[in-house]
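> Have a look at this one before I ask anything.
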Amino acid sequence: MFHVFQYQPLRLITQNSLSSMCLKVMLSRPVAFAQIWKSWFSSHSLLGKKNIILMGPPGAGKTTTGRIVGQKLDCPVIDIDDDVLETTWNMSVSEKLQDIGYEEFLEEEGKALLKFSASGSVISLSGSNPMHAAGMQHIKKNGIVVYLDVPTTVIMSRLQSKQMDRIVGLSPGISLKDVLQFRKQFYKRWFDIRVLCGGDVAAEVVAEKVLDAVKRYQDSELETFISTRSSKSGRSTEEDSNKFYFSDVVIQGLALDGGLFVPERGLPKFTAEEWQGLIEATYVERAQVILERCIHPADIPASKLAEIIETAYGENFSCSKVAPVRHLAGNQFLLELFHGPTASFKDFALQLMPHLFAYCIPRSCNYLILVATSGDTGSAVLDGFSRLHDTDKQRIALMNFFPEDGVSPIQKSQMIGCQKENAWSVGVKSDFDFCQTAIKQIFTNSDFTGFLTVEYGTALAAANSINWARLLPQIVYHASAYLDLVHQGVISFGSPVDICIPTGNFGNMLAAFYAKMMGIPIRKCICASNENNVLTEFIRTGIYDLRGRKLISSFSPAVDILKSSNLERYLHLIANEDGQLVTQLFNQLENQGHFQLQKDLLGKLQQDLVAGWCSDEDCLAAIHSVYSTTGYILDTHTAVAKVVADRLQDRTCPIIISSTAHYSKFAPAILRALRIAEINQNPLSQLHLLSSYSALPPIHWGLLETLKKTGNGDHQVCAADMSVLMSHIETLIQNHFM
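Letter 269 of the sequence shown, counting from 1, is numbered 269 in the UniProt record's numbering, and no numbers are missing.
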């Protein structure tokens, strides 16, 4: 018989046990919260004889796959159509459907399912079983529901070739495609595991994928995280006795040894057939499939993850395609990442991450999120956390630090205007690198974090791109952009593309590289810098040198960065996870201001990455040139990438340029690029002037509304002093949580 351990959602743990867990987590960090509650499940759950329940549309291959899985496990196989419905009714399913009609058929089918019970079996549901809620609740109690997700076009081809005549819901005026699309909502509601099934995949292969998926579902120990500074043989000394799961790294953000969390076994790989199965999918559907494979259901069940993704990328984005790909000119395409509420690519992570965070943390704990921003992150994180449920806002607060004189006027207006009852912005009289370094030091200051925990019952967490939950959603849009080019007929699947990204903290670039590792055919990742071109020099020479470098304020402030945090994750990867080497390199950077890669590592890096930079003058010239020839206005960061792409691409394949922000956010620079002589200093007036150009894309709706509502507003400003920053943090905690 086949036995399955079935994980239950975290929210089902009793409140008393949560409270004691929360206290233990905060007082004895780095004890991993997920480790505690997984142990709780292991000791409190009954190991019964569970079923594997195969679910999917008609023609998905449930019956054939079920027989093969049953043979491999040497367990009973039950087909609901043949072994339950037809036996119960003493007639064929098609005869019953014809006899009583669609609605009564669903009710009778559900009643039959409610009377059915089995254990230790493989069960193949009918295509319409999931449409009866009570029946599915009954059968799901004793099994794991595996969704065989087959592209609609494949299902239609199979059904038409078989001339099947018993499709529930099919009638004159309702097409087969409409029926299949309608049913998807029910399949998504009930499944525990999704298995992607392409058009030409043999049933034997599908059966193996089902078994692999069930094994993954049972064993969350396979998906732990390590620090980039862990020893090659395992974890860092401080973390030897603990395991870190997705929910832990979302909460903790930064590893205790100062490193960044990465998956111990790497990211999941998708086959070419699996990617091709997503070509017709929407952005939300692609995000669900990709993130399900990256987040274990023991951390966030698939149904809850789907709910979070739909909330994040639903009405909050002004474009139904969420991240559309637009042809610019020649072989260049723009990936428009500015259709979110705050008009930058940061919305993709920060509309999602707050909900992930709120789900993962203990319900009785208070958390203060610390964020450093060079511009776009600030308003995005403030907006994202402001959309949490009121009960979550009471236990989650946020403090956003930004360089007071290092962001655009509109960016500052956004950050001030997006402040809410649980979220504040603080301008720091320094640059972004100071803000980011200060937050890292605060997290590793055990005396201060311990004081906050004991005195105020509050733990700190990070929402910068050092947090894995910030980085993960960015993989989706790079994969989606490639699939869109295939869908548009620009390329066939398997043909390579290059990607060019304006690069500062290296998170967006790293996400593109991760998409490549997961199976997207990206050839070259091109890093585009402005005059703060430390990354460009590093990629070209292998020398990361900050000695004598001062940050230069530019028209593209989001990449005005000298220390690229996420570069550490990339170097850890190409160094074969040699945490000791990574520790040595970044300690040397911190203490001496420079490091140099070994020749072999530089060779690996240059196989993946190329880099270039451009001046402010070249940036503005590109904006003017593109507008003059196409009527399209690039923002200053996208213009940097456009200049570098023009210089470095070899034009043998398409190149996707990440358009990371809407030009409205940088109105003074854009107006200057468009050769406007007199520029009004009022941000709202600047946007109205830009709107008169009737350019593509139009003025960003969310940004315009924010500026109309808020005016100048108020915010705190502090000196570039660690003790001052810590005092602000303590004051906020006192005001919000006490």
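For glycine and all other residues, C-beta sits at the position ideal for the given N, C-alpha and C. Computed from a predicted model, the values in this text were never measured in an experiment.
Roughly how many angstroms separate the alpha carbons of residue 788 and L114, rounded to a whole number?
For residue 788 there is no data in the structure shown, the boundaries of the chain being 1 and 738.
> What are the boundary residues of the beta strand (DSSP E) that includes M353?
Here residue 353 is taken as the residue at index 353 of the sequence shown, counted from 1. Looking at the DSSP string, M353 is not in any beta strand (DSSP E); the run it does join, the alpha helix (DSSP H), is M353 to C360.
> Am I right that V559 and N530 are in contact with their C-beta atoms under 8 Å? What's the rounded C-beta distance?
To locate residue 559, count along the sequence shown from 1; it is residue 559. To locate residue 530, count along the sequence shown from 1; it is residue 530. Confirmed, about 6 Å.
> Just tell me which of A639, I699 and T731 has its CA closest to the CA of L328.
Indexing the sequence shown from 1 puts residue 328 at position 328. The option with the nearest alpha carbon to L328 is A639.
> Considering just the uninterrupted stretch of the alpha helix (DSSP H) at E223, what are its terminal residues?
Residue mapping note: residue 223 aligns to position 223 of the sequence shown, counting from 1. No alpha helix (DSSP H) contains E223, which DSSP labels as neither H nor E.
> Three Cβ pairs or more, each shorter than 8 Å: is that satisfied between the region 178-196 and the region 149-165?
yes
> In angstroms with no decimal places, state the Cα-to-Cα distance between T444 and Q252.
For the purposes of this step, residue 444 is taken as residue 444 along the sequence shown, with counting starting at 1. For the purposes of this step, residue 252 is taken as residue 252 along the sequence shown, with counting starting at 1. The alpha-carbon atoms of T444 and Q252 are separated by roughly 11 Å.
> Express the C-alpha separation of T87 and G110 in angstroms, rounding to a whole number.
Locating residue 110 in the sequence shown gives position 110, counting from the first residue. Locating residue 87 in the sequence shown gives position 87, counting from the first residue. Computed Cα separation, rounded: 15 Å.
> Touch check for the region 262-274 and the region 516-523: three-plus C-beta pairs under 8 Å?
yes
> Take every Cβ of the region 273-293, pair it with every Cβ of the region 175-183, and state whether three or more of those distances are shorter than 8 Å.
no
> Just list the beta strand (DSSP E) runs in the region 614-681, keeping only unbroken ones of 3 residues or longer that don't cross its boundaries, in chain order.
655-659
> Do you know how far the Cα of K162 is from the Cα of F105?
Position 105 of the sequence shown, counted from the first residue, corresponds to residue 105. Position 162 of the sequence shown, counted from the first residue, corresponds to residue 162. Each residue's alpha carbon lies about 22 Å from the other.
> Just confirm the distance between the C-beta atoms of G259 and E568, as a whole number of angstroms; I'd bet it's less than 8 Å.
As a first step, residue 259 is located in the sequence shown; it is residue number 259 there, counting from the start. As a first step, residue 568 is located in the sequence shown; it is residue number 568 there, counting from the start. The pair is a contact, with the Cβ atoms about 7 Å apart (cut-off 8 Å).
> In terms of residues, what are the limits of the beta strand (DSSP E) holding E264?
Residue 264 sits at position 264 when you count from the first residue of the sequence shown. Where E264 is concerned, there is no enclosing beta strand (DSSP E), given that its DSSP letter is neither H nor E.
> Assign E103 to one of three DSSP states: helix, strand, or coil.
As a first step, residue 103 must be located in the sequence shown, where it is residue number 103. In this structure, E103 counts as helix in the three-state DSSP scheme.
> Do you know how far the Cα of L510 is from the Cα of S309?
Taking the first residue of the sequence shown as 1, we reach residue 309 at position 309. Taking the first residue of the sequence shown as 1, we reach residue 510 at position 510. Sequence check: residue 309 is Ile here, not Ser. Spanning the two alpha carbons is a distance of roughly 22 Å.
> Among residues of its own chain, excluding the 5 on either side of L18, which ones have a beta-carbon nearer than 7 Å to its beta-carbon?
Counted from its first residue, the sequence shown places residue 18 at position 18. In this prediction, L18 has a pLDDT of 35, which is less than 50 and means its spatial position is unreliable; what the coordinates show is noted afterwards. The beta carbon of L18 sits closer than 7 Å to the beta carbons of P362, R363 and S364 from its chain, once the five residues preceding and following it are set aside; these are given in chain order.
> Classify M21 as helix, strand or coil using the three-state DSSP reduction.
Position 21 of the sequence shown holds residue 21. Note that M21 scores 36 on pLDDT, short of 50, meaning its location in the model is unreliable and no value can be drawn from it.
> How about A459 and V644: are their beta carbons less than 7 Å apart?
Along the sequence shown, one-based indexing puts residue 459 at 459. Along the sequence shown, one-based indexing puts residue 644 at 644. In this structure, V644 does not lie closer than 7 Å to A459 by Cβ.
> In chain order, what residues of the same chain lie with their CB nearer than 7 Å to the CB of N505, ignoring the 5 residues before and after it?
In the sequence shown, counting from the first residue as 1, residue 505 sits at position 505. Closer than 7 Å at Cβ, skipping near neighbours: S465, I561, S564, S565 and N566.
> In chain order, what residues of the same chain have a beta carbon less than 7 Å from the beta carbon of L551, not counting five sequence neighbours either side?
To locate residue 551, count along the sequence shown from 1; it is residue 551. These residues qualify, in order along the chain: D431, D433, N532, D560 and L562.
> For the region 204-223 against the region 67-75, do three or more pairs of beta-carbon atoms, one drawn from each stretch, fall closer than 8 Å, so that the two count as touching?
yes
> Run through the region 94-141 for me and flag every whole alpha helix (DSSP H) of 4 or more residues, listed as ranges in chain order.
Runs of the alpha helix (DSSP H) inside the region 94-141: 102-114 and 133-140.
> Taking the continuous alpha helix (DSSP H) assigned at G507, which residues delimit it?
Taking the first residue of the sequence shown as 1, we reach residue 507 at position 507. Element bounds for G507: G507 to M517.
> According to DSSP, K412 sits in a beta bridge with which residue or residues?
On the sequence shown, residue 412 is found 412 positions in, with the first residue counted as 1. None, per the DSSP bridge assignment.
> Taking the beta carbon of N587 as the centre, do at least 16 other beta carbons fall within 10 Å, making it buried, or is it exposed?
What you label residue 587 is simply residue 587 of the sequence shown in a count that begins at 1. Exposed, since its Cβ has fewer than 16 Cβ neighbours within 10 Å.
> Per the DSSP calculation, N400 is bridged to which residue(s)?
Here residue 400 corresponds to residue number 400 of the sequence shown, with the count starting at 1. Note: N400 sits in a beta bridge opposite V371 and S425.
> Can you have a look at H389 and say buried or exposed, based on whether 16 or more other CB atoms are within 10 angstroms of its CB?
Here the question's residue 389 lines up with position 389 in the sequence shown. By the neighbour-count rule (16 or more Cβ atoms within 10 Å), H389 is not buried but exposed.
> Near P496, what residues of its chain come up, given a Cβ to Cβ distance below 6 Å and the 5 sequence neighbours on each side ignored?
For the purposes of this step, residue 496 is taken as the residue at position 496 of the sequence shown. Annotation for P496: P521, R523 and C653 place their beta carbon closer than 6 Å to its own, counting only its chain and skipping 5 residues before and after.
> Give me the residue from N90, E292, D405 and L601 with the minimum Cα distance to V476.
On the sequence shown, residue 476 is found 476 positions in, with the first residue counted as 1. E292 is the residue among N90, E292, D405 and L601 whose C-alpha sits nearest the C-alpha of V476.
> With distances taken between CB atoms, is the gap from F244 to T228 smaller than 7 Å?
What you label residue 244 is simply residue 244 of the sequence shown in a count that begins at 1. What you label residue 228 is simply residue 228 of the sequence shown in a count that begins at 1. Cβ atoms of F244 and T228: not closer than 7 Å.
> What residue from S175, I174 and A202 has the CA that sits closest to G61's CA?
In the sequence shown, counting from the first residue as 1, residue 61 sits at position 61. The candidate whose alpha carbon is nearest that of G61 is A202.
> Judging by CA-CA distance, which residue of D376, K429 and A397 is the nearest neighbour of Q414?
Mapped onto the sequence shown, residue 414 falls at position 414. Closest by alpha carbon: D376.
> In the DSSP assignment, what residue or residues form a beta bridge with C718?
Start at 1 with the first residue of the sequence shown, and residue 718 comes out as number 718. According to DSSP, which records beta bridges pairwise, C718 is partnered with V428.
> I need the boundaries of the alpha helix (DSSP H) containing H389, first residue and last residue.
The sequence position of residue 389 within the sequence shown is 389, counting from 1. Here H389 belongs to no alpha helix (DSSP H), and DSSP marks it neither H nor E.
> Using the beta-carbon count (16 or more within 10 Å), is N422 buried or exposed?
Counting from 1 along the sequence shown, the entry for residue 422 is found at position 422. By the 10 Å Cβ count, N422 comes out buried.
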